[in-house]
Amino acid sequence: MLPHPTLDKLQTLRLHGMLKALNEQLKTPDIDSLSFEERLGLLVDRELTERDDKRLSSRLRQARLKHNACLEDIDYRSPRGLDKALILQLSSGQWLRDGLNLIIGGPTGVGKTWLACALAHQACREGYSVRYLRLPRLLEELGLAHGDGRFAKLMSSYAKTDLLILDDWGLAPFTVEQRRDMLELLDDRYGQRSTIVTSQMPVDNWHELIGDPTLADAILDRLVHNAYRINLKGESMRKRTQKLTTPSTSD
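In case it helps, full-length UniProt numbering puts the sequence shown at residues 1 to 251.
Now the structure itself:
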């Protein structure tokens with residue numbers, strides 16, 4: 001088959017989806033049975049699909065999710081305290097449009113981070129910007145940014161992210177500077193952007209963990225009072241996996 005001049009033009013225009021679809025059409029013997037409008041529709045649909053896929057891939061790269069998790073993979077038969085109705089409600093994305101938060105609690109290894117990443121993956125599908133951060137590393141990064149002049153730019157970037165995941169909340173008490181940084185970040189996001197927090201520490205203990213009563217009240221007011229809550233339970237998934245993979249020994 002001789003090169004089709006339109007293929008080169010589509011390449012120049014970077015219409016890669018249409019280019020691939022037209023290539024396939026030219027190799028299909030009975031393609032002439034379709035009308036012009038039908039063939040054009042197939043080309044346009046392919047281009048839209050290709051662009052949507054690229055945008056999703058870009059959002060997922062920028063999100064830096066710890067787990068490649070999807071809501072479709074949740075096993076509700078596992079006794080972990082998952083409320084299917086609530087998960088379905090969250091999957092609709094209305095909480096993101098309303099700028100509400102989500103707190104996922106429970107002991108280590110029960111799937112808090114995995115569930116957060118699954119919800120974040122769904123948000124990426126819906127076109128929201130997402131970023132996963134372990135809280136200890138975020139606080140360390142903000143502390144360094146104070147000294148090298150990046151603080152305002154960094155804070156602005158995180159404040160504008162549609163969905164921010166703060167993983168491992170409560171592993172250590174907050175310093176004076178960290179309390180102020182966290183209040184500034186949450187205040188910038190309050191009512192406009194959503195935040196997911198995962199923590200082994202019960203919410204009732206967060207006030208003491210933060211330290212300063214006044215700042216603790218302000219932080220919790222912006223984080224907890226407009227948040228959905230999921231409390232997971234059960235055996236550590238990591239321990240369960242270890243049991244399954246560790247060879248048994250005979251007496």
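Quick reminder that beta carbons are idealized off the backbone N, C-alpha and C, glycines included.
*Pull up the distance between the alpha-carbon of residue 184 and that of residue 67, whole angstroms please.*
Position 184 of the sequence shown, counting from 1, holds the residue named residue 184. Position 67 of the sequence shown, counting from 1, holds the residue named residue 67. Approximately 28 Å, taken between the alpha carbons.
*Sequence-distant residues of the same chain with beta carbon closer than 7 Å to residue 242, five excluded per side*: Residue mapping note: residue 242 aligns to position 242 of the sequence shown, counting from 1. For residue 242, the predicted model reports a pLDDT of 49, less than 50, meaning its position is unreliable and no value from the coordinates is stated.
*Considering only the beta carbon of each residue, do residue 252 and residue 47 sit closer than 8 Å?*
Residue 252 falls outside the range modelled here, since the chain spans only 1 to 251, and no answer is possible.
*Kindly identify the DSSP beta-bridge partner or partners of residue 167.*
As a working note, residue 167 is residue 167 in the sequence shown. Per DSSP, 134.
*asked:* Using a Cβ-Cβ cutoff of less than 7 Å, which residues in the same chain neighbour residue 87 once the five nearest sequence positions on both sides are dropped?
replied: Residue numbering aside, residue 87 sits at position 87 when the sequence shown is read from its first letter. Taken in chain order, the residues that qualify are 71 and 74.
*According to DSSP, residues forming a beta bridge with residue 228*: Along the sequence shown, one-based indexing puts residue 228 at 228. Answer is 102.
*Of the residues 208, 202 and 121, which one's Cα is nearest the Cα of residue 63?*
As a first step, residue 63 must be located in the sequence shown, where it is residue number 63. Selected option, being the one with the closest Cα: 121.
*Find out if the Cβ-Cβ distance for the pair residue 196, residue 116 is shorter than 8 Å.*
Within the sequence shown, numbered from 1, the residue matching residue 196 stands at position 196. Within the sequence shown, numbered from 1, the residue matching residue 116 stands at position 116. Yes. Within cutoff.
*In terms of alpha-carbon separation, which member of 91, 159 and 190 lies closest to residue 142?*
Against the sequence shown, residue 142 aligns to sequence position 142. Closest option to residue 142, Cα to Cα, is 159.
*Given that a residue counts as buried once 16 or more other Cβ atoms are within 10 Å of its Cβ, and exposed if not, what is residue 170?*
The residue you call residue 170 lines up with position 170 of the sequence shown. That one is buried.
*Range of the contiguous alpha helix (DSSP H) that encloses residue 35*: Working through the sequence shown from its first residue, we reach residue 35 at position 35. No alpha helix (DSSP H) holds residue 35; DSSP gives it neither H nor E.
*Contacts around residue 125, its chain only, beta-carbon distance under 7 Å, and the 5 residues preceding and following it disregarded*: Residue mapping note: residue 125 aligns to position 125 of the sequence shown, counting from 1. Same-chain partners within the cutoff: 56.
*Would you mind stating whether residue 168 and residue 134 have Cβ atoms separated by less than 8 Å?*
Translated into the one-based positions of the sequence shown, residue 168 becomes position 168. Translated into the one-based positions of the sequence shown, residue 134 becomes position 134. For residue 168 and residue 134, yes; Cβs fall inside 8 Å.
*Residue range of the beta strand (DSSP E) that residue 214 falls in?*
In the sequence shown, counting from the first residue as 1, residue 214 sits at position 214. Segment 213-223 is the alpha helix (DSSP H) holding residue 214; no beta strand (DSSP E) there.
*Does DSSP put residue 92 in a helix, in a strand, or in coil?*
Here residue 92 refers to the residue found at position 92 of the sequence shown. Coil, per DSSP.
*For the stretch 221-232 against the stretch 195-210, are there 3 or more C-beta pairs whose distance is under 8 Å?*
yes
*Given that a residue counts as buried once 16 or more other Cβ atoms are within 10 Å of its Cβ, and exposed if not, what is residue 14?*
Here residue 14 is taken as the residue at index 14 of the sequence shown, counted from 1. So residue 14 counts as exposed.
*Helix, strand or coil at residue 251 [DSSP, three-state]*: Position 251 of the sequence shown, counted from the first residue, corresponds to residue 251. Confidence in residue 251 is poor, its pLDDT being 36 and thus under 50, which makes the residue's placement unreliable; the coordinate value appears in the next sentence. Coil at residue 251, not helix or strand.
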